[in-house]
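Undergrad:
Number of protein chains: 2
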Amino acid sequence: MKFNQITPEAVEAFAAIVGREHVLLPTATDDMLRYTHDETEDLRYVPEVVLKPANAAEISRIMQYCHENIIPVTPRGAGTGLSGGALAIHKGVVLSTERLNKIIEIDERNLQATVEPGVITQVFQEAVIARGLFYPPDPSSRGSCFLGGNLSESSGGPRAVKYGVTKDYVLNVEVVLPSGEITWTGANVLKNATGYNLTQLMIGSEGTLGIITRIVFKLIPFPTQNLVMLVPFRKEEEACEAVSKIFVAGIVPSALEFMEREAIEWADRYLGNNIERPADELAHLLIELDGNDMDLLFKDAERVYEVLEAFDVGEILVADNEKQKAELWLLRRNVPHAVKGNSIYKEEDTVVPRAELPMLLRGVKEIGAKYNFKSVCYGHAGDGNLHVNIVKADMSDEDWNNKLPDGIKEIFELCVRLGGTISGEHGIGLVQRPYIHIALNEVQLRLMRGIKELFDPRGILNPGKIF
Amino acid sequence: MKFNQITPEAVEAFAAIVGREHVLLPTATDDMLRYTHDETEDLRYVPEVVLKPANAAEISRIMQYCHENIIPVTPRGAGTGLSGGALAIHKGVVLSTERLNKIIEIDERNLQATVEPGVITQVFQEAVIARGLFYPPDPSSRGSCFLGGNLSESSGGPRAVKYGVTKDYVLNVEVVLPSGEITWTGANVLKNATGYNLTQLMIGSEGTLGIITRIVFKLIPFPTQNLVMLVPFRKEEEACEAVSKIFVAGIVPSALEFMEREAIEWADRYLGNNIERPADELAHLLIELDGNDMDLLFKDAERVYEVLEAFDVGEILVADNEKQKAELWLLRRNVPHAVKGNSIYKEEDTVVPRAELPMLLRGVKEIGAKYNFKSVCYGHAGDGNLHVNIVKADMSDEDWNNKLPDGIKEIFELCVRLGGTISGEHGIGLVQRPYIHIALNEVQLRLMRGIKELFDPRGILNPGKIF
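One line per chain: the protein sequences are A and B, in this order.
For the first sequence, position 304 (counting from the first letter as 1) is numbered 304 according to UniProt numbering, and the numbering increases by one without interruption.
For the second sequence, position 147 (counting from the first letter as 1) is numbered 147 according to UniProt numbering, and the numbering increases by one without interruption.
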């Protein structure tokens with residue numbers, strides 16, 4: 001790909017579109033700094049310019065200009081991504097959606113909401129909860145990530161196991177295409193059999209097909225009751241086995257999270273928790289049940305206990321007040337931060353059919369032993385989605401850079417052999433790109449590349465990602 | 001489009017692929033007859049040949065041959081479609097999937113099932129219920145329609161309101177592309193952020209992008225309890241208003257169906273029911289609640305009653321045994337057959353955000369008055385999906401053929417104005433094609449046509465549909 005550099009004239013043109021105060025140049029080091037990285041490892045790429053447009057019309061004009069002048073554009077939400085999707089690896093423009101941050105409407109009659117992409121996920125969740133409504137997708141970064149970014153990666157989070165991922169709540173999106181054209185992808189309806197599903201094509205496309213400027217979500221009534229329990233297991237693989245057994249027993253928890261011993265230990269330490277966990281507890285499941293009737297939840301909990309009787313479990317902690325529940329969730333949500341704070345690491349977003357989880361975990365440890373790396377695993381076990389955190393610790397730079405990729409390749413090959421794939425909710429972006437051939441065959445790649453070319457014939461939108 | 005006719009040599013080539021007994025020629029009138037129509041109005045198109053391959057490999061060879069020789073191929077499930085998607089309007093091959101009718105696996109560990117596209121929806125539902133599992137999508141034709149056809153149209157049915165439509169249960173599909181290449185579209189996982197969503201692109205593509213040869217579904221635990229009630233309303237629009245009020249009250253029924261007076265009356269007559277319904281009852285809602293706890297369902301029913309108190313309703317019938325429930329569902333499921341038996345008709349599959357349903361119903365009646373047509377309306381009100389059945393009755397052929405299309409156009413324009421679209425679950429196919437510009441703009445159409453060309457560069461697969 002041959003892109004043009006950004007000239008002083010281009011900067012002037014951008015300033016005329018978005019206003020000078022919404023143009024950042026690399027000379028403005030401090031302000032610029034946060035646009036050079038996301039949450040992916042320690043990667044840094046400095047763009048030629050950062051633009052902060054206010055609306056779809058401005059984005060359209062930027063895209064027209066860049067389309068005409070063959071300038072790469074990397075769309076960016078809050079920069080919380082874990083696959084490097086928001087990194088301007090070909091320089092050019094970083095287009096931040098941070099000023100498109102309005103909740104336009106919460107339509108209580110239709111249980112729908114229309115928002116801009118720069119709204120923080122948790123802000124949106126709280127706004128709809130205030131009306132008794134529920135927007136379930138809740139990635140770990142929900143306190144800072146943007147809804148637009150959630151769409152781009154089809155983010156999940158703990159509650160996906162019962163309620164589905166981001167894609168399951170999107171009815172319609174407005175996008176600006178690389179050409180600058182603005183269009184909605186569908187209609188504001190729960191069912192749509194009118195042409196191809198452009199909406200779902202945009203979701204998970206990692207900012208490579210268009211820039212999302214408005215989103216229509218469906219909402220559901222907020223479940224008023226829940227129950228949270230933390231179950232220690234003496235064998236890691238048994239924790240994984242219990243996961244599918246709970247579903248087979250007819251229970252659909254609203255969260256079913258797995259944490260290895262070290263994941264919970266590191267999070268304890270990170271949070272300054274003064275807890276001594278028995279040495280033989282090698283893994284935990286965090287189980288949440290929700291609904292509108294406490295008696296029914298207790299009945300479901302009884303059935304969970306019955307399932308757990310078949311396994312070697314420690315003392316089950318049932319959170320019986322809001323404070324305890326919040327503490328358990330705080331623990332779980334801080335595992336990624338704790339891992340990050342502990343060492344340089346790479347996070348692999350593996351996903352398999354849920355009953356294959358014990359096989360995946362065993363395989364990851366075997367591959368680790370072979371390649372001499374340590375891994376800390378946790379994640380959305382109910383979805384078969386295991387985050388494998390490979391920590392550098394005392395691995396040599398040589399091994400980290402040159403030998404580890406072969407180990408990661410083996411992990412991904414195992415996922416695919418088990419019926420799974422290489423990313424459940426983080427996307428391919430930049431860092432999984434070398435492994436895409438493990439998950440996708442030549443026919444699939446040809447079709448995807450063809451779609452990319454159809455939407456973006458000059459290849460200016462988020463180049464170098466996915467393929 | 002310029003297609004080649006099928007020569008005797010082509011017939012020989014097909015016979016060599018599928019076996020002579022699985023090739024039907026128009027001379028075999030009786031056997032051939034049912035492949036000349038689907039359930040759309042009284043449309044009939046005679047193909048040059050009907051082929052009944054046994055598997056993906058045979059379909060691949062057929063497609064290779066047709067691709068090379070530019071012969072049109074119309075894929076066909078059970079022929080229960082309502083938009084003419086299975087009609088061979090350009091002649092050529094009708095490719096029936098009826099012999100791909102195996103349930104390959106019901107994976108109870110993972111709550112997944114792998115099936116061939118020619119399995120009848122109800123057969124599949126019953127097979128999974130026998131294992132305590134649930135496949136919710138249940139189009140009215142579920143006793144005869146094929147799962148492959150359900151995917152092609154993204155079919156819904158009454159339970160979509162709580163459980164979602166077909167697309168929400170498909171994890172992965174194997175397809176044969178027009179070139180003859182065979183590929184899966186995704187992986188057998190609940191979350192997938194690995195490349196563009198080819199799976200959802202296939203669903204609802206009405207057999208224009210590829211031929212589905214295997215489907216991996218996700219399943220959920222079967223809810224053991226339910227409660228069904230029939231609520232008569234004295235004002236039609238109030239029945240529609242009550243629909244969104246029930247959701248706003250925090251209740252998500254497992255079905256929420258609307259039937260106009262005449263819909264239920266015609267169904268009564270069709271079934272030979274000897275019921276005298278009070279003359280002032282102008283519409284009915286059929287409401288189903290489901291779950292695993294009867295006490296909780298009764299509580300939910302109480303809350304439904306509270307919502308209904310604001311409306312002018314007649315005596316509510318609560319079905320308190322399985323026989324009564326079955327009778328109510330039989331009534332609802334036979335409305336389409338009753339309408340069909342009554343007169344020549346056209347069915348419009350309108351869909352709007354659910355709270356706009358009263359506006360839609362009023363608009364349909366006003367447009368009917370203007371164009372002098374009678375309509376019988378019923379459908380999945382909880383989804384905002386209203387089936388508008390325009391009956392010919394004593395309308396002149398002249399008006400039916402020449403004036404009515406303008407009336408239908410006005411109905412669809414109203415749908416779009418209300419935030420909806422022109423098909424919720426039947427597809428565009430042949431009969432809605434003239435109206436597609438009402439729902440889709442030039443940008444959307446260009447992208448969709450581009451996708452079509454990418455998948456099917458010679459335009460041989462189900463030509464003349466959608467666009």
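Note that CB positions come from ideal geometry on N, CA and C, so glycine has one too.
Give the residues of chain A in contact with residue 163 of chain B, contact being defined as C-beta atoms less than 8 Å apart.
TA: Correct list: empty, because the minimum Cβ distance to chain A is about 11 Å.
Undergrad: Quick one, which residues of the segment 139–168 of chain B are near chain A if we go by CB-CB under 9 Å, in chain order?
TA: Answer in chain order: 153, 154, 155, 156, 160, 161, 164, 165, 167, 168.
Undergrad: Taking residue 177 of chain A as the reference, which of A:137, A:457, A:225 has the closest Cα?
TA: It is A:457.
Undergrad: What residues are listed by DSSP as bridge partners for residue 291 of chain A?
TA: Residue 291 of chain A is bridged to A:225.
Undergrad: Report yes or no: do the segment 93–107 of chain B and the segment 46–60 of chain B share at least 3 C-beta pairs separated by less than 8 Å?
TA: Result yes; three or more Cβ-Cβ pairs closer than 8 Å.
Undergrad: Can you find the residues in the same chain that come closer than 7 Å, C-beta to C-beta, to residue 249 of chain B, ignoring five residues on each side of it along the sequence?
TA: Around residue 249 of chain B: 303, 307.
Undergrad: Please list the terminal residues of the continuous alpha helix (DSSP H) segment that includes residue 121 of chain A.
TA: It spans 121–129 - the alpha helix (DSSP H) in which residue 121 of chain A sits, taken as one unbroken run.
Undergrad: Return yes when the Cβ of residue 38 of chain A is within less than 9 Å of the Cβ of residue 111 of chain A, no when it is not.
TA: No; because the gap between Cβ atoms is not below 9 Å, this pair is not in contact.
Undergrad: Does DSSP put residue 345 of chain B in a helix, a strand or coil?
TA: Residue state, collapsed to three classes: strand.
Undergrad: Please state the DSSP three-state secondary structure of residue 103 of chain A.
TA: Three-state result, residue 103 of chain A: strand.
Undergrad: Does the segment 277–296 of chain A come into contact with the segment 200–208 of chain A, if we say contact requires no fewer than three beta-carbon pairs (one atom in each stretch) closer than 8 Å?
TA: Contact fails: fewer than three Cβ-Cβ distances are below 8 Å.
Undergrad: Could you check which residue in B:58, B:26, B:6 has the C-alpha nearest to that of residue 17 of chain B?
TA: When each option's Cα is compared against that of residue 17 of chain B, the closest is B:58.
Undergrad: Once you ignore the five residues that flank residue 476 of chain A on each side, which residues in its own chain have a CB closer than 6 Å to its CB?
TA: Shown here, chain A extends from 1 to 467; a query on residue 476 of chain A therefore has no answer.
Undergrad: State buried or exposed for residue 191 of chain A, treating a residue as buried only when at least 16 other CB atoms are found within 10 Å of its CB.
TA: Answer is buried; the Cβ neighbour count reaches 16.
Undergrad: Residue range of the beta strand (DSSP E) that residue 259 of chain B falls in?
TA: It spans 255–260 - the beta strand (DSSP E) in which residue 259 of chain B sits, taken as one unbroken run.
Undergrad: Return no unless some Cβ of chain A is closer than 9 Å to the Cβ of residue 253 of chain B.
TA: Chain A, which has no Cβ nearer than 9 Å to the Cβ of residue 253 of chain B, makes this no.
Undergrad: Under a CB-based cut-off of 9 Å, is residue 76 of chain A close to chain B?
TA: By this cut-off, residue 76 of chain A is not an interface position.
Undergrad: Near residue 373 of chain B, which residues of its chain fall below 7 Å by C-beta distance, leaving aside the five closest residues on each side in sequence?
TA: The answer, listed in chain order, is 390, 395, 404, 407.
Undergrad: Does the Cβ-Cβ distance between residue 230 of chain B and residue 286 of chain B come in under 9 Å?
TA: For residue 230 of chain B and residue 286 of chain B, yes; Cβs fall inside 9 Å.
Undergrad: Among B:392, B:257, B:305, which has the Cα closest to the Cα of residue 332 of chain B?
TA: Closest by alpha carbon: B:257.
Undergrad: Taking 7 Å as the limit between beta carbons, can you name the residues of its chain near residue 70 of chain A, skipping five residues before and five after?
TA: Counting only Cβ-Cβ distances below 7 Å, and skipping sequence neighbours, we find 3, 4, 458, 460.
Undergrad: In chain order, which beta strand (DSSP E) runs of at least 3 residues are fully inside the segment 152–223 of chain A?
TA: For the segment 152–223 of chain A, whole beta strand (DSSP E) runs of length 3 or above, ordered along the chain, are 170–176, 182–184, 211–218.
Undergrad: Pick out the complete alpha helix (DSSP H) segments inside the segment 25–80 of chain A, 4 residues or longer, and give them in chain order.
TA: Within the segment 25–80 of chain A, the complete alpha helix (DSSP H) runs of at least 4 residues are 29–33, 56–69.
Undergrad: Can you name, in chain order, every residue of its own chain whose Cβ lies under 6 Å from the Cβ of residue 363 of chain B, other than the five neighbours on each side?
TA: The answer, listed in chain order, is 414.
Undergrad: How far does the beta strand (DSSP E) with residue 377 of chain A in it extend, from its first residue to its last?
TA: Note, residue 377 of chain A: beta strand (DSSP E), 374–380.
Undergrad: Could you tell me which whole alpha helix (DSSP H) segments of length 4 or greater appear in the segment 262–332 of chain B?
TA: As far as the segment 262–332 of chain B is concerned, its whole alpha helix (DSSP H) runs of at least 4 residues are 294–308.
Undergrad: Using CA coordinates, which residue listed in A:124, A:198, A:434 is at the minimum distance from residue 455 of chain A?
TA: When each option's Cα is compared against that of residue 455 of chain A, the closest is A:198.
Undergrad: Using a C-beta cutoff of 9 Å, does residue 250 of chain B count as contacting chain A?
TA: So, interface residue.
Undergrad: I'd like to confirm the pairing. Which residues does DSSP put opposite residue 146 of chain A in its beta bridges?
TA: Bridge partners of residue 146 of chain A: A:120.
Undergrad: Should the segment 317–325 of chain A be called in touch with the segment 321–328 of chain B, which here means at least 3 C-beta pairs below 8 Å?
TA: The segment 317–325 of chain A vs the segment 321–328 of chain B: no contact.
Undergrad: Taking residue 152 of chain A and residue 85 of chain A to be in contact with their CB atoms under 8 Å, please state how far apart those CB atoms are, rounded to whole angstroms.
TA: Contact holds; Cβ gap of about 7 Å.
Undergrad: If we count the other Cβ atoms within 10 Å of its Cβ and call it buried at 16 or more, is residue 188 of chain B buried or exposed?
TA: That one is buried.
Undergrad: What are the start and end residues of the beta strand (DSSP E) that includes residue 437 of chain A?
TA: Unbroken run through residue 437 of chain A is the alpha helix (DSSP H), 436–439; no beta strand (DSSP E).
Undergrad: On the three-state DSSP scale, how would you describe residue 112 of chain B?
TA: Residue 112 of chain B falls in the strand class under three-state DSSP.
Undergrad: So does residue 221 of chain B have its beta carbon nearer than 8 Å to some heavy atom of the ligand ADP?
TA: Only the bare structure without any ligand can be found here, which leaves the ligand ADP out of the picture.
Undergrad: Leaving out five residues before and five after residue 44 of chain A in sequence, what residues of the same chain have Cβ atoms less than 7 Å from its Cβ?
TA: Only 36, 37 meet the Cβ criterion.
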